[in-house]
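Only one structure is covered here, and it is reproduced in the block below.
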Amino acid sequence: MKFYILTLFPEMVEQGLATSIIGRAMDRGILSLEAVNIRDYTLDKHKKVDDYPYGGGAGMVMQAQPIYDAWEAICQRAGHKVRTVYLTPQGTTFCQPMAKEFAKEEDLILLCGHYEGVDERVLEEIVTDYVSVGDYVLTGGELPAMILVDAISRMVPGVLTNQDSGETESFEGNLLEYPQYSRPEVWHDRAVPPILLSGNHAKVDEWRRQQSLIRTKERRPDLLEKADLTEKDKKYLNFE
Ligand code: ADE
0 MKFYILTLFP
10 EMVEQGLATS
20 IIGRAMDRGI
30 LSLEAVNIRD
40 YTLDKHKKVD
50 DYPYGGGAGM
60 VMQAQPIYDA
70 WEAICQRAGH
80 KVRTVYLTPQ
90 GTTFCQPMAK
100 EFAKEEDLIL
110 LCGHYEGVDE
120 RVLEEIVTDY
130 VSVGDYVLTG
140 GELPAMILVD
150 AISRMVPGVL
160 TNQDSGETES
170 FEGNLLEYPQ
180 YSRPEVWHDR
190 AVPPILLSGN
200 HAKVDEWRRQ
210 QSLIRTKERR
220 PDLLEKADLT
230 EKDKKYLNFE
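With numbering that gives the first Met the number 0, letter number 237 in the sequence shown gets 236, and the count goes up by one each step, no holes.
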């Protein structure tokens, strides 16, 4: 999968995504990321990319021309009109099913805004999806874009080397993941739950399922309402 990030701060996203699992997947050629500097496309002789808002008000607005030309150049190179996400607090809140859905795309453009916003006309022409990372306001779209690239990438086949860990985890079936433990068996007087040392896989699976249910009930009761629960799960939760 190929990500194109339209930004005024290309080094920020390049550095932020160059390490760990995502960086390795790029080295292996499964993913690629191109941070395109919007400023490279301005026709203004002072390299300006923003101007005052019509109608007045605080702050500056990113102008349509450099964004459109940068976007068009990407689409020309990709050979088709690429799905284009604009990161904005006015968008649909990002979630795991969206990450899975975006991961089916061959190419994806992420547009990062700054200042007080982006000229509405260019958004109308190029944006296919408006996405927020939560109900708070950040100074720019770069961190949200990095969040999307990370979450989408791990859903691209081959990125996670142990594909299993992409499925048995938080939000699968709207349940949170069970707690995990590693060596030593006792740490700060806290012992690992004995069932995990029993070698009884069926019992371990049952315990983990129960832990997922309890944890979701305690921490995210809103998710539990949407969860795929078996009769056994419901019985467990009622007696718990
Ligand atoms: N840009 C600024 N704040 C944002 C948010 N919460 N989500 C996505 N993009 C943003």
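Don't be surprised by glycine CBs; every beta carbon is placed ideally from N, CA and C. Source: prediction; values computed, not measured.
Inter-residue Cα distance where the pair is residue i and residue j
{"i": "alanine 34", "j": "threonine 160", "result": "25 Å"}
{"i": "alanine 57", "j": "tyrosine 177", "result": "48 Å"}
{"i": "methionine 0", "j": "serine 31", "result": "6 Å"}
{"i": "lysine 231", "j": "proline 192", "result": "22 Å"}
{"i": "leucine 196", "j": "leucine 212", "result": "21 Å"}
{"i": "glycine 241", "j": "arginine 207", "result": "Residue 241 is absent from the structure shown; the chain starts at 0 and stops at 239."}
{"i": "proline 156", "j": "isoleucine 194", "result": "33 Å"}
{"i": "threonine 18", "j": "lysine 216", "result": "35 Å"}
{"i": "phenylalanine 101", "j": "isoleucine 151", "result": "6 Å"}
{"i": "glutamate 205", "j": "glutamate 13", "result": "42 Å"}
{"i": "valine 203", "j": "glutamine 209", "result": "10 Å"}
{"i": "glutamate 184", "j": "isoleucine 29", "result": "38 Å"}
{"i": "phenylalanine 170", "j": "lysine 47", "result": "43 Å"}
{"i": "aspartate 163", "j": "glutamate 119", "result": "Residue confidence for aspartate 163 is low, a pLDDT of 48 falling below 50, so the modelled location carries little weight and cannot support an answer."}
{"i": "lysine 234", "j": "leucine 223", "result": "14 Å"}
{"i": "glutamate 168", "j": "leucine 236", "result": "20 Å"}
{"i": "aspartate 39", "j": "proline 9", "result": "11 Å"}
{"i": "threonine 229", "j": "arginine 76", "result": "49 Å"}
{"i": "glutamate 124", "j": "glycine 54", "result": "22 Å"}
Bridge-paired residues (DSSP) for residue i
{"i": "arginine 189", "result": "Trp186"}
{"i": "glutamate 33", "result": "Tyr3"}
{"i": "isoleucine 108", "result": "Tyr3 and Thr83"}
{"i": "threonine 259", "result": "The requested residue 259 is not part of the displayed model; the chain covers only 0 to 239."}
{"i": "valine 60", "result": "Asp50"}
{"i": "valine 117", "result": "Met61"}
Cutoff 7 Å: residue i Cβ touching any chain D Cβ
{"i": "proline 143", "result": "The displayed structure is made up of one protein chain only, and chain D is not part of it."}
Expected contact under 8 Å - CB spacing of residue i and residue j to nearest Å
{"i": "leucine 110", "j": "threonine 92", "result": "Contact flag wrong, Cβ pair sits at about 18 Å."}
{"i": "methionine 11", "j": "glutamate 141", "result": "5 Å"}
{"i": "aspartate 221", "j": "glycine 172", "result": "Not a contact, Cβ separation roughly 15 Å."}
{"i": "proline 158", "j": "isoleucine 20", "result": "In the sequence on display, residue 158 carries valine and not proline. Confirmed, about 7 Å."}
{"i": "leucine 7", "j": "histidine 113", "result": "6 Å"}
{"i": "leucine 174", "j": "arginine 218", "result": "Not confirmed; about 11 Å, so no contact."}
Beta-carbon proximity of residue i to residue j, cut-off 7 Å
{"i": "phenylalanine 2", "j": "leucine 86", "result": "no"}
{"i": "isoleucine 37", "j": "isoleucine 66", "result": "yes"}
{"i": "alanine 69", "j": "leucine 122", "result": "no"}
{"i": "serine 131", "j": "proline 96", "result": "no"}
{"i": "alanine 98", "j": "methionine 154", "result": "yes"}
{"i": "glycine 90", "j": "tyrosine 129", "result": "yes"}
Near the ligand ADP: residue i beta-carbon under 6 Å from a heavy atom
{"i": "threonine 87", "result": "What this structure holds is the ligand ADE, not the ligand ADP."}
Item to check | Touch test, the segment 128–139 against the segment 55–68, Cβ-Cβ under 8 Å, three pairs minimum | outcome: Flag = no, the segment 128–139 and the segment 55–68 do not touch.
Checklist entry - If we count Cβ pairs, one from each stretch, closer than 8 Å, do we get three or more for the segment 38–57 versus the segment 146–154? => result Flag = no, the segment 38–57 and the segment 146–154 do not touch.
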